[in-house]
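Take the sequence shown: its letter number 165 is residue 208 in my numbering, and every next letter is one higher.
Here a beta-carbon is modelled for each residue, glycine too, at the ideal position from N, C-alpha and C.
Bear in mind the structure is a predicted one, so any value in this text is a computation, not a measurement.
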Amino acid sequence: MRIRSTLSAGLVACALAAGAPALAGDPTDPAGRVPRALHPQHSSGDEPGRIAPPRTSAHPRTTTGGRVSWRVAPGVRYTRWTQTDARGPIVAHLLTVDPDTPGLKIDYASMGAVRRVAPVRDILAADHAIAGVNGDFYDIGHTGAPLGLGKDRQRGLLHAREDGWNNAFLIDAHGDPDIDDLPMTARIPGHPNLPITNLNSPFVTPGGIGIYTPRWGRTAGYSVTQGQKERVREVVVAGGRVVSNRARLSTDRAITGFSLVGRGDGADLLRRQLPTGTRLRAQWSLAGHPQMAISGNHFLVRDGVIRAVDDAILAPRTAVGVDADTGEVLLLVVDGRSQRSRGYTMVELADLMVDLGADEAVNLDGGGSSTMVGRNRRGATAVLNTPSDGFQRWVANAIAITYHRPRG
Numbered sequence: 044m045r046i047r048s049t050l051s052a053g054l055v056a057c058a059l060a061a062g063a064p065a066l067a068g069d070p071t072d073p074a075g076r077v078p079r080a081l082h083p084q085h086s087s088g089d090e091p092g093r094i095a096p097p098r099t100s101a102h103p104r105t106t107t108g109g110r111v112s113w114r115v116a117p118g119v120r121y122t123r124w125t126q127t128d129a130r131g132p133i134v135a136h137l138l139t140v141d142p143d144t145p146g147l148k149i150d151y152a153s154m155g156a157v158r159r160v161a162p163v164r165d166i167l168a169a170d171h172a173i174a175g176v177n178g179d180f181y182d183i184g185h186t187g188a189p190l191g192l193g194k195d196r197q198r199g200l201l202h203a204r205e206d207g208w209n210n211a212f213l214i215d216a217h218g219d220p221d222i223d224d225l226p227m228t229a230r231i232p233g234h235p236n237l238p239i240t241n242l243n244s245p246f247v248t249p250g251g252i253g254i255y256t257p258r259w260g261r262t263a264g265y266s267v268t269q270g271q272k273e274r275v276r277e278v279v280v281a282g283g284r285v286v287s288n289r290a291r292l293s294t295d296r297a298i299t300g301f302s303l304v305g306r307g308d309g310a311d312l313l314r315r316q317l318p319t320g321t322r323l324r325a326q327w328s329l330a331g332h333p334q335m336a337i338s339g340n341h342f343l344v345r346d347g348v349i350r351a352v353d354d355a356i357l358a359p360r361t362a363v364g365v366d367a368d369t370g371e372v373l374l375l376v377v378d379g380r381s382q383r384s385r386g387y388t389m390v391e392l393a394d395l396m397v398d399l400g401a402d403e404a405v406n407l408d409g410g411g412s413s414t415m416v417g418r419n420r421r422g423a424t425a426v427l428n429t430p431s432d433g434f435q436r437w438v439a440n441a442i443a444i445t446y447h448r449p450r451g
């Protein structure tokens, strides 16, 4: 049974903590070299986090205040408040979303190409959204691509991995919000032994094969093999046939059909099995066929049980949770790296999500990426939190909330 903390004076005692993800790739490639890390510890920007003071029984009483709240749209409410304890003050921002509201939808949002980055406000504007938050961790400074999975209601599955970065927020096939592990299944019909491990990913799993489609953007060369240049292969498919199969990877080339990029054993299989002229097609899907999905790095809460363990590093945080009792989706941002708001640890973030009612929650990209956008009290779209960089960071994707008044 889930246990919730009592909230003082009707205030939401909020604290967001995004955790420490693991490296995006294997520690070594097949040749024994150490590749560059694609994923930093706490955010895509690799900003160092401050160590939180230890928790003690001598903590003074936690105080909350400064509560402000308004309706952003039917079914969407924004709430901001402050909270202070022995570790210092924080400022929290919450969007509470009722996905059953007629005319309201929650969706994946990006600027089109998987590799393209932009400020959260611009990403949401492109989707005609009335509110939203930043999304997945991404390959900052290199390909720009998200590390995990993303499925858009209109455009379908845009990027994913077979395994390893699949903890996701989703709207399932029945239209209900959920948080779950979403593995990708991909295959090349007629070639069942080709190990398809990635779809439009910033890197191909060592020994595997990645599919790159026009949704990816222009080709990224050896970035997608983490700098590996030996035992790699690129197969280009156009018009349903293999038009080239070579040991060099192309850079800055438009993709018209799709390409296969192999590393190690995957490259050897491509060389042997797919000569020029071979008829070829590819298929991919997510488990359960959700309407939309976006990944984070770690589960914070599963079935009402806190899964976070890091209570040491303070940082700005973004998280998404689902309240199974009400069906509401909770989008949370906690400001950080300032005197006004210290940020949260992962455990604090998970504690807060439970206090808010989340039975399930996942950690999204934090640090300078943490951004919440929505309509302010005047009805104008604005950045509602205070990003720690002092401006909006350019990110890969976002969770978007759209509203269209139902006819009649």
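Check, Outcome
"By the three-class DSSP mapping on this structure, what secondary structure does Pro-257 have?", "helix"
"Compare the Cα-Cα distances from Val-134 to each of Val-111, Val-115, Lys-148 and Thr-445 and report the closest residue.", "Val-111"
"Can you give the Cα-Cα distance for Leu-167 and Arg-360, rounded to whole angstroms?", "19 Å"
"Report yes or no: do three or more beta-carbon pairs, one from the segment 299-313 and one from the segment 245-254, lie closer than 8 Å?", "yes"
"Tell me whether Arg-198 sits in a helix, a strand or coil according to DSSP, three-state version.", "coil"
"So which of His-234, Glu-205 and Val-285 has the shortest CA-CA distance to Val-247?", "Glu-205"
"Which residue or residues does DSSP assign as beta-bridge partners of Trp-437?", "Pro-162"
"Tell me, to the nearest whole angstrom, how far the beta carbon of Ala-443 is from that of Ala-172; I am working on the premise that it is less than 8 Å.", "4 Å"
"Mapping the DSSP letters down to three states, classify Val-426 as helix, strand or coil.", "strand"
"Please specify which runs of the alpha helix (DSSP H), each continuous and at least 4 residues long, are wholly inside the segment 297-383, giving them in chain order.", "308-316"
"Determine the burial state of Asp-346: buried for a count of at least 16 other Cβ atoms within 10 Å of its Cβ, exposed for fewer.", "exposed"
"By Cβ distance, which residues of its chain are closer than 6 Å to Ala-281, with the 5 residues on each side in sequence left out?", "Thr-299 and Gly-300"
"Suppose the cutoff is 6 Å on Cβ atoms and the five residues either side in sequence are ignored; what does the same chain contact list for Gly-131 look like?", "Arg-385"
"For Val-278, name the three-state secondary structure that DSSP assigns.", "strand"
"Keeping to the same chain, check which residues put their C-beta closer than 7 Å to that of Val-260; ignore five residues upstream and five downstream.", "The sequence given here places Gly at residue 260; Val does not occur at that position. Only Ala-156, Val-157, Arg-158 and Arg-159 meet the Cβ criterion."
"Assuming Ala-393 is part of the beta strand (DSSP E), what are its boundary residues?", "First-last for Ala-393: 389-399, but that is the alpha helix (DSSP H), not the beta strand (DSSP E)."
"Per DSSP, what are the beta-bridge partners of Asn-243 in this structure?", "For Asn-243, which the question treats as bridged, DSSP gives no partner whatsoever."
"Would you mind reading off the limits of the beta strand (DSSP E) that contains His-136?", "131-140"
"Return the CA-CA distance between Val-348 and Gly-233, expressed in angstroms with no decimal places.", "44 Å"
"Give a yes or no on contact between the segment 199-219 and the segment 329-345, applying the rule of three or more CB pairs nearer than 8 Å.", "yes"
"Taking the alpha-carbon positions, what's the Ile-231 to Met-154 distance?", "28 Å"
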